[in-house]
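Numbering (this note's numbering), first residue to last: 12 to 189.
No residue lacks a Cβ here, since even glycine has one placed at the ideal position from N, Cα and C.
If you're wondering where the values come from, they're calculated on a predicted model, not measured in any experiment.
Some notes on the structure that comes next.
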């Protein structure tokens with residue numbers, strides 16, 4: 012019960028992921044949430060850490076595709092200068108947007124992972140699409156008003172899952188840290 016909320020991996024940050032780490036797991040494409048995963052939700056542009064990380068992925072030929080519930084305009088204003096492909100209005104926790112991104116990338120379920128900061132959207136969407144998930148700590152502790160609702164329920168669920176040993180209390184630095 013509740014295994015659909017269990018992430019495959021839990022990491023401190025998306026920026027801890029290296030191309031070598033991803034390739035060791037057979038991951039050829041990274042799907043990622045936008046707000047509080049790649050950038051702080053209240054910061055429209057990225058950081059130098061993000062730029063460095065994206066360059067590492069590009070050098071290793073690992074495409075990064077944003078899969079977000081945000082509007083096209085919101086994502087495009089961030090993604091266009093970085094030349095990042097994206098799926099807007101992804102309808103997470105449903106797997107619709109994830110599957111759309113996978114189809115565009117031409118990959119199968121074993122070659123991709125979805126990275127995000129929420130159990131109730133990102134991890135559930137990964138499970139819905141039949142792919143692996145990487146749960147990361149949110150970049151900032153504050154949230155947009157609509158995410159605060161998810162965080163309230165997520166806090167209760169995390170406590171329950173940790174009590175049942177379905178969710179670790181520890182965050183890793185590498186995928187093999189489980």
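Less than 8 angstroms separates the beta-carbon of residue 161 from that of residue 131. Take the alpha-carbon of residue 128 and the one of residue 109: they are about 15 angstroms apart. When secondary structure is reduced to three states using DSSP, residue 167 falls in the helix class. Using a 10 angstroms sphere on the CB of residue 31, the tally of other CB atoms stays under 16, which defines it as exposed. Under the three-state reduction of DSSP, residue 144 is assigned to strand.
In the three-state DSSP reduction, residue 133 falls in the helix class (H, G or I).
Its chain contains 26 as the residues whose beta carbon lies nearer than 6 angstroms to that of residue 60, once the 5 sequence neighbours on both sides are disregarded; these appear in chain order. The beta carbons of residue 124 and residue 38 sit closer together than 8 angstroms. The alpha-carbon of residue 111 is positioned some 16 angstroms away from that of residue 126. Rounded to the nearest whole angstrom, the C-alpha separation of residue 47 and residue 14 is 24 angstroms.
The stretch 57–142 contains, as complete beta strand (DSSP E) runs of 3+ residues, the segments 75–78, 123–127 (chain order). Classified as exposed, residue 119 has fewer than 16 neighbouring CB atoms from the shown chains inside 10 Å of its CB.
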